Amino acid sequence: MFYRFTRALFYYYFKYVYLWKFNDREKLPPRGPYIICANHTSWFDPPMVGAIVTGGNRVNFMAKEELFNIFILGTLLKKLGAFPVKRNTADKSAIRRALQVLEEGGILGLFPEGTRSRTGELGKPRHGAALIALKSKKPVLPVAIKWPEKIFRPVEVKIGPLIYFAEEGKIRGNVLEEASLQIMEEIKKLL
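Okay, structure coming up:
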């Protein structure tokens with residue numbers, strides 16, 4: 003109930019204030035499990051993805067641990083299905099939680115760069131998104147969010163085709179690197 007209310011609030015906010023353009027609805031999977039991987043240049047990226055990209059389905063975002071230490075924000079994030087990740091470490095509990103979301107048929111939201119870009123340019127990907135995709139054998143939905151340089155211009159949201167990874171056995175470093183780069187390349191094509 004809280005998620006639906008919050009989603010509706012952001013949906014109409016983005017629709018009428020930011021005049022978003024989203025023309026790729028036919029590429030949208032009707033339900034999970036899948037992993038949304040998007041570029042990250044604004045604090046509004048997570049609610050934009052949650053409100054517009056999934057067609058109303060709940061997105062469980064992995065978010066930096068520090069956000070959960072902010073009293074009201076941390077509580078809201080938990081109510082919205084987000085869970086913390088310790089950045090710059092191999093956070094096994096966050097990876098387990100991400101895999102659980104996917105096993106239960108959910109949608110996982112990740113920003114492969116692991117942080118917001120202050121320049122608007124795509125950064126080097128971390129390996130978390132690729133690791134989760136390879137371990138879970140669930141597809142990745144690449145998403146590009148292009149915020150306007152001038153006010154009163156629409157935000158463009160584009161999605162690409164699902165990316166499937168078919169790696170079997172132990173996940174080696176070079177496979178992880180290639181999968182991470184492939185995800186970022188697909189996002190880059192959409193920008």
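Our numbering puts the sequence shown at residues 3 to 193. Just so you know, even glycine gets a beta-carbon here, dropped at the ideal spot from N, CA and C. Being a predicted model, the structure only gives us computed values, none of them experimental.
Assumed close pair residue i, residue j - CB separation to whole angstroms, cut-off 8 angstroms
i	j	result
Pro141	Gly162	The pair is not a contact, with the Cβ atoms about 11 angstroms apart (cut-off 8 angstroms).
Ile109	Gly57	Ile109 to Gly57, Cβ: 10 angstroms. No contact.
Ala88	Glu67	Correcting the residue type first, residue 88 is Lys in the shown sequence and not Ala. Contact flag correct, Cβ pair sits at about 5 angstroms.
Pro31	Leu164	7 angstroms
Thr43	Gly122	5 angstroms
Arg99	Phe85	5 angstroms
Lys23	Pro156	5 angstroms
Asn41	Leu193	7 angstroms
Selected residue, minimal CA-CA separation from residue i, among the options
i	options	result
Phe12	Val55, Ala92 and Arg128	Val55
Ala65	Leu82, Gly58, Gln184 and Leu192	Leu82
Lys94	Gly111, Gly125, Leu79 and Gly130	Gly130
Lys152	Arg6, Tyr15 and Tyr20	Tyr20
Gln102	Glu180, Asn176, Pro32 and Ala135	Ala135
Pro114	Lys137, Phe167, Lys29 and Ile185	Ile185
Asp26	Phe154, Ala146 and Leu178	Ala146
Thr8	Trp45, Arg60, Lys23 and Tyr18	Arg60
Trp45	Gly107, Asn176 and Arg118	Arg118
Lys126	Tyr5, Glu180, Lys148 and Pro49	Glu180
Lys139	Arg120, Arg128, Phe167 and Lys148	Phe167
Tyr18	Ala92, Cys39 and Met50	Met50
Thr91	Arg128, Lys29, Cys39 and Arg6	Arg128
Assigned exposure category for residue i - 16 Cβ within 10 Å defines buried
i	result
Ala10	exposed
Phe73	exposed
Ser182	buried
Met3	exposed
Lys160	buried
Gly52	buried
Glu105	exposed
Phe154	exposed
Glu188	buried
Tyr14	exposed
Asn71	exposed
Gly116	buried
Asn62	buried
Same chain, Cβ closer than 7 angstroms to residue i, neighbours up to 5 away in sequence not counted
i	result
Lys190	Leu124
Leu69	Leu75, Gly76 and Leu79
Glu158	Lys23 and Lys148
Contacting residues, own chain, Cβ-Cβ under 8 angstroms from residue i (five flanking each side not counted)
i	result
Ile173	Leu133, Leu136 and Lys137
Any non-hydrogen atom of the ligand SAH closer than 7 angstroms to residue i Cβ
i	result
Pro31	Ligands displayed in this structure: none; no statement on the ligand SAH is therefore possible.
Residues of its chain near residue i, where Cβ-Cβ distance is below 6 angstroms and the 5 sequence neighbours each way are ignored
i	result
Asp47	Ile147
* To do: Mind listing, in chain order, the continuous beta strand (DSSP E) runs of no fewer than 3 residues lying wholly within the segment 94–170?
  => Restricted to the segment 94–170, the beta strand (DSSP E) segments that are unbroken, complete and at least 3 residues in length are 109–112, 142–148 and 158–161, listed in chain order.
* Enumerate, from N- to C-terminal direction, the unbroken beta strand (DSSP E) stretches of 3 or more residues contained entirely within the segment 41–70. => Complete beta strand (DSSP E) runs here, min 3: 61–66.
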